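The numbering of the sequence shown is this note's numbering, which starts it at 1 and goes up by one.
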Amino acid sequence: MTLATCWGDDPPGTLIASHLAATGVPVHRLRSTSGRSTVALAYVDAGNGSATYDFLTAWDPIDIPLKPDVALLHTGAIACAAPAPSHPPTRHEIDSVLSSARACVDRVPVAGVLG
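Here is the structure:
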């Protein structure tokens, strides 16, 4: 199985590339048109364990080349909930793969994004 994913040519992208190379995961890299990686930061309160989040998003209008033998498509909740036109291919790509593959969508509540 090959992971098709996208990251930028920035410090977070360097970390992603290094981690994937170290794990030996076969990767088909999609280039970020903005050169930026999307980053989610979690801050955990040491006192009560609650978390707050910051999302640094790079909404790149890239085509996601899905081959006919795609077995699973995974996307995060933010990508699905972003208003058009800021997320051009995501919903279309999910719909196109659902006829022959499984899809996994993270449904993590994000303030102001998901109801």
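Idealized CB from N, CA, C, for every residue including glycine. As the structure is a computational prediction, the values presented were derived from the model and not from experiment.
Beta strand (DSSP E) segment containing T5, residue limits: L3 to W7
Continuous beta strand (DSSP E) stretch holding A42: start and end: V39 to V44
Three CB pairs or more closer than 8 Å across the segment 30-41 and the segment 51-60: yes
A51 in three-state terms, based on DSSP: strand
Start and end residues, alpha helix (DSSP H) containing P119: Nothing about residue 119 can be reported from this structure: the residues present for the chain run from 1 to 115 only.
Backbone CA spacing between P68 and A46 [nearest angstrom]: 47 Å
Check: C6 C-beta below 7 Å from any heavy atom of the ligand MG: Ligands displayed in this structure: none; no statement on the ligand MG is therefore possible.
Pick from V44, T33 and G49 that is closest to G8, judged by C-alpha positions: T33
Assumed close pair R36, A58 - CB separation to whole angstroms, cut-off 8 Å: 4 Å
Alpha-carbon spacing of A111 relative to G13, whole angstroms: Confidence at A111 is low in this model, with a pLDDT of 48, below 50, so its placement is unreliable and the value that follows should be read with caution. Looking at the two C-alpha atoms, the distance is approximately 26 Å.
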